[in-house]
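**Q**
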Amino acid sequence: MISVSNVRKLLYLRRAMRNQWLKRKEIEEIQRRMMRGMIVHAYDNVPFYHRKFREAGVIPDDIRTVEDLRKIPITTKKELKENFSDLIARGVDPSSCWMPRTSGSTGIPLKAAYGKRDEDYQKAIALRPNLACGQNLRDPWAVLTAPHHILDKKHWFQKLRFLSPSFVNIFADLQEQIRLLEEMQPRVIDGYPSALYLLAREMKRTGRKTINPEIIFSTAEHLSPEMREGIESTFRIRMYDQFGCVEMGRTAWECPEHAGYHMDIDAVVMEFLRDGEPVASGERGEIVYTGLYHYAMPRIRYAVGDVGVPTDEECPCGRGLPLMKEVEGRSDSFIQTPDGRIYPQMTFWAIMRTFAHAEEIAQFRVIQERTDAITVPVVRGKNYREGIDEEIRRHIVGVLGDDVRITVSPVDELPRDPTGKVRTVISHAQIQW
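Read in order, the letters of the sequence shown are residues 0 to 432 in numbering that gives the first Met the number 0.
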């Protein structure tokens, strides 16, 4: 049976596919109208933002253009975590919301609430780049992801093989991942850059040419030039990187021209700031988001911690969606053990997930001093208890093995790096690829 939600998704997707080809000014006007509606909604219905606006001396009528958003103070991750209940709009039942949690890649795990309409719009925006880059509705599609993202339940249309991904657990043995992909023979592979890179590296090492996707998408981690080259050379195709976060959804993506990342300005406002001021085209800036469809839990001028480079250049593809030239991040994705095994940073997010979501730890960092020595400073959470340090150590040893000396120690805070981000994994060891 076709549900209201599925009909709504199709309508949103149709609108999104149309919007990308509008002229820039037309899409910007859509963005402005959506932004105005969100500002009024947040002021009237969201206690956190009503207070924030009042404290800044701002009312909705003051915010009429995207540039006016700078009158509103930034919302930090800490504020998002500490004011969760006051960020839920009046009349919204949190138990009815889709509530994904972040991996804690910056050391602070968060949850975000999406109402039914919000979720449907988010999924339409997330699907747009896949279709724009050539994915078809019935393509065999493999998604390399962490266990908590693997879904058992399928919608009726997925049972008919429409937009029906098969999942591969990236924490499974690499040979098992390859076996599953050989069995699936996907036309489309979607996954974390680090997982795709390790897969490509193993395929190249063994000389196997048994997995031949036509389209590869990467998301959720920074894609370094080295990873891109390794993945593309192994599979002999150009890949497409996508950008976003749990709190905001998909926000930017590469099209077949590979001229940069098209920003989804019919879903978000993306500001690029340095010292609170907008940067010029081609300059590096911290990304600050305002969501345009997140009605259950608005995120207005939300600093997610990523850094990007906007550009005034236009894409040869002809889409009206503006470009972000680069996504900047750190390639601190891997830890290598003395016997040569390599683990992406997602490994440690998965290990810490239970402790973080129970608020036993607030933040963590993994520092590899040598291949056989790792220290793990953890910031105590409100439910911190004696014995947590040893439990964490045992979990890490269970994955990395006894050849690595693991030291877990509680700390008051984790210092930020020069870009303002709290790095999760820092390796001083030379990776032997």
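C-beta atoms are modelled at their ideal positions from N, C-alpha and C, and glycine is treated no differently.
In this text, all values refer to a predicted model and were calculated from it rather than measured experimentally.
For my contact list, isoleucine 391 and valine 403 are in at a C-beta cut-off of 8 Å; report their separation, rounded to the angstrom.
**A** Their Cβ separation, rounded to whole angstroms, is 14 Å, which puts isoleucine 391 and valine 403 out of contact at 8 Å.
**Q** Would you decide whether proline 321 is buried or exposed? Buried here means 16 or more other CB atoms lie within 10 Å of its CB.
**A** buried
**Q** Beta carbon of threonine 144, beta carbon of isoleucine 124: below 9 Å?
**A** no
**Q** Taking phenylalanine 347 and valine 424 to be in contact with their CB atoms under 8 Å, please state how far apart those CB atoms are, rounded to whole angstroms.
**A** 6 Å
**Q** Could you round the C-beta distance between proline 93 and alanine 112 to whole angstroms and report it? I think they count as a contact, below 8 Å.
**A** The Cβ separation is near 6 Å, so the contact holds.
**Q** To the nearest angstrom, report how far apart aspartate 305 and glutamate 270 are at their CA atoms.
**A** 11 Å
**Q** Restricting to runs no shorter than 4 residues, where is the alpha helix (DSSP H) found entirely within the region 6 to 87?
**A** 23 to 44, 46 to 54, 76 to 81, 83 to 86
**Q** Span of the beta strand (DSSP E) holding phenylalanine 354?
**A** Note, phenylalanine 354: premise wrong, no beta strand (DSSP E); alpha helix (DSSP H) at 345 to 356.
**Q** Taking the beta carbon of asparagine 211 as the centre, do at least 16 other beta carbons fall within 10 Å, making it buried, or is it exposed?
**A** Answer is exposed; the Cβ neighbour count stays below 16.
**Q** One question on the structure: do glycine 248 and glycine 290 come within less than 9 Å of each other, judged by their Cβ atoms?
**A** yes
**Q** Have a look at aspartate 331 and tyrosine 42 and give me their C-alpha separation to the nearest angstrom.
**A** Since pLDDT at aspartate 331 reaches only 47, below the 50 mark, its modelled position is unreliable, and the value read off the structure follows with that caveat. Answer to the nearest angstrom: the Cα atoms are 40 Å apart.
**Q** Please confirm if the region 190 to 202 is in contact with the region 211 to 222, defined as three or more CB-CB distances below 8 Å between the two stretches.
**A** yes
**Q** Would you decide whether serine 84 is buried or exposed? Buried here means 16 or more other CB atoms lie within 10 Å of its CB.
**A** The residue in question, serine 84, is exposed, as its Cβ has fewer than 16 Cβ neighbours within 10 Å.
**Q** Should the region 32 to 49 be called in touch with the region 0 to 13, which here means at least 3 C-beta pairs below 8 Å?
**A** no
**Q** Who does alanine 372 pair with in a DSSP beta bridge?
**A** Arg369, Arg404
**Q** At what residues does the alpha helix (DSSP H) containing methionine 323 begin and finish?
**A** Unbroken run through methionine 323 is the beta strand (DSSP E), 322 to 327; no alpha helix (DSSP H).
**Q** Tell whether a beta-carbon distance below 9 Å holds between valine 326 and alanine 258.
**A** No, Cβ-Cβ distance for valine 326 and alanine 258 is not below 9 Å.
**Q** Tell me whether glutamate 253, by its Cβ, gets closer than 8 Å to a heavy atom of the ligand ADP.
**A** In the structure shown, the ligand ADP is absent, as is every other ligand, since no ligand is present at all.
**Q** If distances are taken between C-alpha atoms only, which option among Met351, Pro337, Met345, Ala171 comes closest to glutamate 368?
**A** Pro337
**Q** Less than 8 Å between the CB atoms is what I'm expecting for alanine 266 and glutamate 285, so what's the real figure, rounded?
**A** Wrong, their Cβ atoms sit about 19 Å apart, outside the cutoff.
**Q** Using the Cα positions of isoleucine 373 and valine 410, report the straight-line distance between them to the nearest angstrom.
**A** 16 Å
**Q** Starting from proline 224 and walking both ways along the alpha helix (DSSP H), at which residues does that stretch end?
**A** 224 to 234
**Q** Do valine 365 and serine 408 count as a contact pair if the criterion is CB distance below 9 Å?
**A** no
**Q** Within 10 Å of its beta-carbon, does lysine 77 have 16 or more other beta-carbons around it, so buried, or fewer, so exposed?
**A** exposed
**Q** Would leucine 10 be called buried (16 or more neighbouring beta carbons within 10 Å of its own) or exposed?
**A** exposed
**Q** Below 7 Å CB to CB, which residues in the same chain sit around tyrosine 260 once its five sequence neighbours on both sides are set aside?
**A** Phe242, Ala251, Trp252, Glu253, Leu322, Met323, Val326
**Q** Just checking my contact of isoleucine 350 with valine 396 at CB under 8 Å: how many whole Å lie between their CB atoms?
**A** Cβ-Cβ separation between isoleucine 350 and valine 396: approximately 10 Å, too far for a contact (criterion under 8 Å).
**Q** Indicate whether alanine 295 and alanine 15 have their beta-carbon atoms separated by less than 9 Å.
**A** no
**Q** By Cβ distance below 8 Å, which residues in the same chain neighbour aspartate 274 in space, the five residues on each side in sequence not counted?
**A** none
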